[in-house]
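Going down the list, the sequences are from chains D and A. Counted the way UniProt numbering counts, the first sequence spans residues 1 to 499. Counted the way UniProt numbering counts, the second sequence spans residues 1 to 499. Here the structure comes first, spelled out in structure tokens, and everything after it is commentary.
2 protein chains.
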Amino acid sequence: MITGKNQIGFNQSAQGSKTYHTINPKTNATNPTTFHEATQSEIDTACAKAKDAFTSYSKTTGTERAKFLRTIASEIEALGESLIQMYTTESALPEGRANGERGRTLGQLRMFADLVENDDWRNPTKTGENNGLRKALIPIGPIAVFGASNFPLAFSTAGGDTASALASGCPVIVKSHPMHSGTGEMIATAITKAAQSCDIPDGVFSNLNSSGIEVGEQLVKHPAIKAVGFTGSHKGGRALFNLAAKRDSPIPVFAEMGSINPVIITTKAIKKRGAELAETYAGSITMGAGQFCTNPGLILTVVSDETTAFVQDLADKTAALDAQCMLGPNIVKTYVKNTQEMQSQEGLKIVATTQNASGDNMAQAQIATVSGKHFLKNSTLQQEVFGPFSLVVQSQDTDELLKIIHTLEGQLTATLIAEDEELNELQEITTGLQEKVGRIIFNGVPTGVAVEDAMTHGGPYPASTDSRFTAVGNHSILRWVRPFSFQDFPEALLPEYLK
Amino acid sequence: MITGKNQIGFNQSAQGSKTYHTINPKTNATNPTTFHEATQSEIDTACAKAKDAFTSYSKTTGTERAKFLRTIASEIEALGESLIQMYTTESALPEGRANGERGRTLGQLRMFADLVENDDWRNPTKTGENNGLRKALIPIGPIAVFGASNFPLAFSTAGGDTASALASGCPVIVKSHPMHSGTGEMIATAITKAAQSCDIPDGVFSNLNSSGIEVGEQLVKHPAIKAVGFTGSHKGGRALFNLAAKRDSPIPVFAEMGSINPVIITTKAIKKRGAELAETYAGSITMGAGQFCTNPGLILTVVSDETTAFVQDLADKTAALDAQCMLGPNIVKTYVKNTQEMQSQEGLKIVATTQNASGDNMAQAQIATVSGKHFLKNSTLQQEVFGPFSLVVQSQDTDELLKIIHTLEGQLTATLIAEDEELNELQEITTGLQEKVGRIIFNGVPTGVAVEDAMTHGGPYPASTDSRFTAVGNHSILRWVRPFSFQDFPEALLPEYLK
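Rendered as structure tokens:
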């Protein structure tokens with residue numbers, strides 16, 4: 001069923017001699033399919049097709065695109081258990097997670113179908129006398145989408161970036177993630193089937209295999225590509241951003257690059273419900289082996305006897321949890337390297353490490369502590385450690401805590417754990433956090449990103465490359481559209497939604 | 001009244017030894033005020049003040065900001081004739097234009113006051129159970145604004161960029177344009193008076209003098225600056241875009257960089273109303289000495305006897321017009337250099353040149369022609385010549401015309417001059433143009449940008465650095481804001497507009 005070929009519009013293609021395999025992280029066994037990395041000529045063909053297809057696809061009705069998106073969802077559902085099996089084989093993520101993520105992916109596709117079924121999302125605006133000025137949002141052109149290692153479905157081939165771009169009328173070329181190219185191919189086949197059965201033009205969707213960075217680089221540099229969607233590391237996102245900015249004709253890159261998601265826990269909250277918080281946070285830190293961009297990597301406290309006891313409790317509860325399999329050997333290697341780098345920082349102490357477990361690619365969760373003073377003078381302590389790691393900063397007082405908040409880099413989220421009666425004293429902290437993040441949570445955990453209109457998944461750099469957009473929810477379509485005005489235009493030449 | 005000092009928040013400052021003067025383009029006489037270019041320390045102070053002020057200014061109510069904007073308008077009005085005199089002395093633009101531009105500037109300030117008086121512009125969104133998720137647009141941080149040489153008021157110190165940024169809750173630091181720093185200082189003083197009388201925090205507005213590129217570069221590189229608004233040349237806009245992209249923490253740059261604004265005139269339209277069109281376009285090409293970013297620099301026709309006669313008529317009517325004074329010696333020098341470069345291109349013929357006139361900085365308007373074949377193989381012919389210059393391309397047929405449209409770079413506008421009965425045949429041309437521009441006009445002229453909600457002033461690169469935004473109209477506020485979500489937040493800590 002899986003061919004290892006690139007999907008170039010309606011054609012499958014395997015011209016290249018550079019091949020690779022995905023592996024099963026649980027066993028490090030090589031999965032059977034040989035994937036053919038896309039050649040320059042295949043990249044060019046996909047881009048030329050996308051450019052040609054854009055002219056007609058950008059003019060399709062909302063009803064046509066809604067049908068296409070719903071058919072993609074049905075075709076993905078029709079893949080049934082074989083998709084779940086491929087997903088778990090390539091990611092080592094549990095079946096429950098695979099099912100949940102598939103549900104989220106289908107939900108997103110149908111959400112965007114509902115959105116574009118009528119043209120309100122275009123914000124049609126009419127001003128001026130007679131025909132005067134008529135404005136609406138129109139698609140920007142072909143989009144290159146880079147899937148995430150940690151979300152083989154919801155943030156990959158048919159994930160939020162692809163769904164929102166296709167909904168807006170933009171063709172999509174996916175650079176398949178080398179760690180789950182089999183899952184990617186299955187989804188690409190479903191999208192292609194849907195396109196064919198819905199009379200969507202050849203070239204509106206392509207899926208290119210790639211084992212390294214070259215295919216992605218060529219895509220971002222290609223003149224036909226008009227914007228980029230990326231979910232992944234800061235290093236990867238920034239590299240693509242730099243490439244896009246250096247083009248003769250620069251293009252926008254929306255890269256969601258994760259963050260350390262600071263959690264402020266007040267001493268009062270610790271006194272009142274320390275044990276419960278320790279349990280909740282041991283769970284949030286280690287959930288999915290910590291492989292979430294909203295993983296709480298930084299816990300900010302003020303020193304007290306209760307805080308010390310809480311940290312011990314959090315450490316004990318984390319250490320008692322089972323080690324988990326990560327997404328692959330490179331992810332584990334980087335995690336170990338990053339935790340070792342942390343350990344060598346002045347003043348940092350590891351207070352919890354889960355037991356190692358037999359099996360490949362297992363990650364030991366770690367809790368570390370550091371004083372506010374050390375944290376303030378060492379920006380390395382702000383670097384994200386992708387995995388089940390969290391650093392507890394013990395400030396000497398609220399002033400130092402505030403200083404720390406003011407030195408934080410941009411973040412996807414911040415969380416405030418406090419008692420209601422403290423709210424008045426917390427205004428300055430809330431304001432300080434607001435300037436740094438895209439979403440602030442009260443008495444909860446940052447993990448879990450609801451697909452809702454009121455969600456912001458993004459934030460000031462380096463959480464994302466452009467804080468003016470969200471990667472999740474209906475408003476994420478705004479990344480791929482631009483305003484366009486008709487002036488004194490005859491009714492007959494106006495699109496339906498401006499008549 | 002004019003001091004030549006920098007306005008740094010509420011203080012005037014002239015620490016630097018680097019000074020300059022503006023000149024009167026009509027006479028090349030040096031105007032009396034000695035302007036002190038901002039020093040690095042003054043830039044740093046302005047940025048530090050803006051950063052501090054942001055925390056409280058971002059939390060002001062819409063009513064407070066509306067009052068501030070309206071007071072700025074009143075203070076500018078109170079400057080009376082002295083402002084008009086300064087404007088005409090520094091720009092050589094006629095008094096009627098000065099009055100018109102002042103009216104536009106006041107109108108924009110009041111339009112944004114009306115917009116933010118209630119919080120609908122924030123698009124407040126609530127989803128989820130209980131307090132769930134609540135999202136709204138919030139200001140992004142201090143904005144650096146670069147004024148335009150050709151709009152000393154409406155696109156400069158208190159122009160659209162400043163008005164929209166202040167309306168959103170962002171502090172503004174203006175890099176004063178060296179050609180009209182006196183006009184800039186008068187406006188800066190009006191804004192400062194308004195800030196003081198409206199209890200707006202010190203640092204929400206600063207105005208920095210600059211004779212070259214250094215002050216602007218330092219501003220764009222400063223960590224406190226969170227976005228940039230620019231109106232001017234491609235060279236200048238791209239340089240700032242590159243600087244912003246190279247920052248440790250990149251920031252968005254909205255640069256509106258002009259374009260050649262292609263005008264397609266059909267042979268039928270020429271047959272029907274050639275004489276009228278020649279007169280209209282001779283006027284549009286030379287209006288304001290062609291110093292508009294929407295100046296029609298490219299006229300696309302299909303060869304015929306009627307077209308040849310029309311071009312001759314357009315040439316005669318243009319040649320008969322008076323030469324006009326441009327904005328300054330550097331502008332004229334560049335104009336002459338660019339027209340000379342055009343003249344040396346293969347196949348290009350100059351068919352009209354207005355008589356030279358006595359006086360300094362006078363520009364002779366020029367009409368040139370070239371064949372479609374020559375245009376297609378020479379991208380230099382697509383370069384903007386800022387001034388009263390227009391190139392008429394004579395295609396051999398509609399296919400060649402379409403090919404030309406497909407090779408065009410991004411543009412602010414395109415104009416279609418045609419008869420109603422041709423509309424059906426023009427679908428392909430309209431579609432082709434739509435992919436290249438931000439606004440398309442039917443049977444009109446591109447010059448004249450109405451300040452209306454349905455206006456798009458922007459377009460695909462190189463017309464602007466980000467086609468997803470407009471520089472004119474209420475929606476231009478979207479350049480300076482980002483979505484922000486509160487999750488499970490207690491009512492007491494939510495801003496009023498999310499309660």
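Glycine included, C-beta positions come from ideal geometry on N, C-alpha and C.
query, result
"Short-range partners of chain D found in the region 452-470 of chain A, where Cβ spacing is below 9 angstroms", "452, 453, 454, 455, 456, 457, 458, 459, 460, 461, 462, 465, 466, 467, 468, 469 and 470"
"Buried versus exposed, by CB contacts within 10 Å (16 or more), residue 49 of chain D", "buried"
"Test: residue 475 of chain A CB closer than 8 angstroms to a CB of chain D", "yes"
"Best match in A:3, A:457 and A:165 for proximity to residue 182 of chain A [C-alpha to C-alpha]", "A:3"
"Cβ pair count under 8 angstroms reaching 3, the region 186-200 of chain D against the region 23-42 of chain D", "no"
"Collapsed DSSP secondary structure at residue 249 of chain A in the structure displayed", "coil"
"Length at least 4, wholly inside the region 281-354 of chain D: the alpha helix (DSSP H) runs in chain order", "305-319 and 329-343"
"Within-8 angstroms CB hit, residue 103 of chain D to chain A", "no"
"8 angstroms Cβ cutoff, residue 430 of chain D in contact with chain A", "yes"
"Whole-angstrom C-beta distance between residue 177 of chain A and residue 156 of chain A, which should lie under 8 angstroms", "6 angstroms"
"DSSP beta-bridge partners of residue 362 of chain D", "D:325"
"Given residue 44 of chain A as reference, the closest of A:31, A:282, A:95 and A:223 once Cα atoms are compared", "A:223"
"Backbone CA spacing between residue 88 of chain D and residue 255 of chain D [nearest angstrom]", "26 angstroms"
"Partner residues on chain A for residue 443 of chain D, Cβ-Cβ distance less than 8 angstroms", "488"
"Whether residue 401 of chain A touches residue 300 of chain A by CB criterion (8 angstroms)", "yes"
"Among A:348, A:398 and A:390, nearest to residue 377 of chain A - alpha-carbon criterion", "A:348"
"CB contact flag (residue 353 of chain D, residue 394 of chain D, <8 angstroms)", "no"
"Interface residues of chain D facing residue 245 of chain A [CB-CB closer than 9 angstroms]", "241, 242, 244, 245, 246 and 250"
"Beta-carbon proximity list for residue 52 of chain D, same chain, < 7 angstroms, skipping 5 on both sides", "203"
"C-beta contact flag for residue 145 of chain A and residue 229 of chain A at 8 angstroms", "yes"
"As assigned by DSSP and simplified to three states, the class of residue 266 of chain D", "coil"
"Endpoints, beta strand (DSSP E) assigned at residue 205 of chain A", "205-208"
"Alpha carbon of residue 200 of chain D to alpha carbon of residue 68 of chain D, nearest angstrom", "8 angstroms"
"Whole-angstrom C-beta distance between residue 289 of chain D and residue 325 of chain D, which should lie under 8 angstroms", "7 angstroms"
"Limits of the alpha helix (DSSP H) - the one that residue 84 of chain A falls within", "80-91"
"C-alpha gap between residue 253 of chain D and residue 70 of chain D, whole angstroms", "27 angstroms"
"Start and end residues, alpha helix (DSSP H) containing residue 143 of chain A", "Premise fails: residue 143 of chain A lies in the beta strand (DSSP E), 143-146, not in any alpha helix (DSSP H)."
"Spatially closest choice to residue 94 of chain D from D:120, D:150 and D:8, by CA coordinates", "D:150"
"Separation of residue 129 of chain D from residue 135 of chain D, as counted between CA atoms", "14 angstroms"
"Segment contact, 8 angstroms Cβ cut-off, at least three pairs: the region 53-61 of chain D with the region 159-173 of chain D", "yes"
"Counted within 10 angstroms of its Cβ, other Cβ atoms place residue 32 of chain D as buried (16 or more) or exposed", "exposed"
"Under 8 angstroms by beta carbon: chain D residues contacting residue 485 of chain A", "438, 439, 440, 454, 455 and 456"
"DSSP three-state assignment for residue 468 of chain D, whether helix, strand or coil", "coil"
"Per DSSP, the bridge partner or partners of residue 483 of chain A", "A:137"
"7 angstroms Cβ shell around residue 297 of chain A - same chain, five flanking residues per side excluded", "260, 261, 384, 385, 389, 390 and 391"
"Secondary structure of residue 449 of chain A, DSSP reduced to three states", "coil"
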